[in-house]
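The working numbering puts the first residue of the sequence shown at 254, with every later residue one more than the last.
Below you'll find the structure, written out as structure tokens, and then a few comments.
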Amino acid sequence: MTRINEKFSTLNSRNEHALIGYTVAGYPDEDSTIDIVKAMVKGGVDIVELGIPFSDPIADGPTIQKASYLALQKGITPGKALNIAKRINESISVPMAVMTYYNIIYKLGFDNLKEARASGIDGLIIPDLNVEDSMELKKYAAKYDMDTIFLASPNTSDARLRALVRATTGFLYLVSVFGITGEREGFEDYTAKAIKRAKKFCEGKVPLAVGFGVSKSEHVRFMLDKGADAVIVGSAFINIIDHGGSEMIKNIEDLARSLKGAMK
């Protein structure tokens, strides 16, 4: 059982939901990333999603694209990102998944997932990976006790949802809106319908995590009320990092605490 599964099992036994926090490895710098993750966890984040910077992040909105670009400009490579993960793992106990793109994994070689696992990575989120093309990667991920986490969208068909639920481990990542990541004021009716529909397929099989656009306590309550087991927050944390300043770490912790508080 991976640490991601263990975390969901523990939370489920307490009738609690998971808060998943995203940040970009190496943004604004390597040392700060570790402090940011520690602040997230102190505030209540249950699982960390660590973005590996990529030159063509098709799923990311402007906020995360900018953070990824600036991290690349500072020389953050996949290897350095894994070193950051290792340092996080040495300083705090928290399940971690990396969000990256298939090209990076393929170029590194599937057997290098062993290095990722040794760095404290528990799962892989790869937005541009199809289930049909994932068998070899899933084999290596399972070999190293890592989850392979797939994404679904509001217009994913029922047949496709069944296939995704069969293939995914750790949790199913439901994209809450059409388009790319980024903060929003609210959500449309189709988001509520998408969560309820995905939940029917996930029930009793795998946790359902919902992300993209979540930044406020009312967003969290909306997602949970519709059936989500976990809520993923990224751009809201990155925006705090963008503003920097002496209060940055405190503001990260405060946001996490506010969002986690909305889950009670």
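Backbone N, C-alpha and C fix where the C-beta goes; we use that ideal spot for every residue, glycine too.
If you're wondering where the values come from, they're calculated on a predicted model, not measured in any experiment.
Tell me which residues share the same chain as residue i and place their Cβ nearer than 7 Å to its Cβ, disregarding the 5 neighbours each side in the sequence.
i: Gly279; result: Thr286, Pro306, Ala324, Lys327, Ile329, Lys333, Ala334, Ile337
i: Glu368; result: Leu335
i: Ser511; result: Ser470
Measuring CB to CB, does residue i end up less than 8 Å from residue j?
i: Ile448; j: Ala416; result: no
i: Asp273; j: Glu302; result: Residue 273 is actually Ile in this sequence, not Asp. Yes, the pair counts as a contact, with Cβ atoms nearer than the cut-off.
i: Ile402; j: Ile378; result: yes
i: Asp400; j: Gly376; result: yes
i: Ala515; j: Val298; result: no
i: Leu425; j: Ala405; result: yes
i: Ala271; j: Ala483; result: yes
i: Lys513; j: Gly296; result: yes
i: Leu461; j: Leu427; result: yes
i: Pro380; j: Tyr354; result: yes
i: Ala350; j: Ile257; result: yes
i: Glu506; j: Ala292; result: yes
i: Ile502; j: Asp288; result: yes
i: Val418; j: Lys479; result: no
i: Leu361; j: Pro331; result: yes
I need the DSSP call for residue i, collapsed to helix, strand or coil.
i: Val384; result: helix
i: Glu283; result: helix
i: Tyr426; result: strand
i: Gly296; result: helix
i: Asp400; result: strand
i: Ile358; result: helix
i: Ala481; result: coil
i: Ala462; result: strand
i: Gly376; result: strand
i: Glu436; result: Residue placement at Glu436 is poorly supported in this model, since its pLDDT is 47, which falls under 50; the coordinates still yield a value, given next. Note: Glu436 maps to coil in three-state DSSP.
i: Lys339; result: helix
i: Thr421; result: coil
i: Lys453; result: helix
i: Met501; result: helix
i: Phe307; result: coil
i: Val473; result: helix
i: Asn208; result: With the chain represented from 254 up to 517, any question about residue 208 goes unanswered, as that position is not in the structure.
For residue i, collect the residues of the same chain with a Cβ closer than 6 Å to its Cβ; drop the 5 residues on either side in sequence, then sort them by chain order.
i: Val347; result: Val294, Val301
i: Tyr393; result: Phe363, Leu366
i: Ile485; result: Ile273, Ala462, Gly464
i: Thr276; result: Ile289, Phe490
i: Lys452; result: Leu461, Gly480
i: Asn504; result: Ile493
i: Tyr443; result: Pro407
When we look at the beta-carbon of residue i and count the other beta-carbons within 10 Å, is it buried (16 or more) or exposed?
i: Lys469; result: buried
i: His472; result: buried
i: Glu343; result: exposed
i: Leu352; result: The amino acid at residue 352 is misidentified as Leu; the sequence shows Met. Under this definition Met352 is a buried residue.
i: Ser429; result: buried
i: Gly423; result: buried
i: Val290; result: buried
i: Lys517; result: exposed
i: Asn265; result: exposed
Return the bridge partner residues of residue i from the DSSP annotation.
i: Val301; result: Gly274, Met349
i: Ile494; result: Looking at the DSSP assignment, Ile494 forms no beta bridge with any residue, so it has no partner.
i: Ala520; result: Residue 520 falls outside the range modelled here, since the chain spans only 254 to 517, and no answer is possible.
i: Gly314; result: Its beta-bridge partners do not exist; DSSP assigns none.
i: Val486; result: Gly274
Tell me which residues share the same chain as residue i and place their Cβ nearer than 8 Å to its Cβ, disregarding the 5 neighbours each side in the sequence.
i: Glu436; result: Any reading at Glu436 needs caution, since the residue's pLDDT is 47, under 50, leaving its predicted position unreliable; the model's value is listed next. Here the set comprises Thr316, Gly466, Ser468, Ser488, Ala489, Asn492.
i: Ala420; result: Val384, Ser387, Lys391, Thr401, Phe403
i: Asp282; result: Lys327
i: Asp411; result: Arg450, Phe454
i: Met254; result: Ser262
i: Arg370; result: Tyr397, Asp398, Met399
i: Asp495; result: Thr316, Lys319, Ala320
i: Met497; result: Here residue 497 turns out to be Gly, not Met, going by the sequence shown. Same-chain partners within the cutoff: Pro281.
Determine, for residue i, whether the minimum Cβ-Cβ distance to residues of chain D falls below 8 Å.
i: Val473; result: Protein chain content of the structure displayed is limited to a single chain, and chain D is not contained in it.
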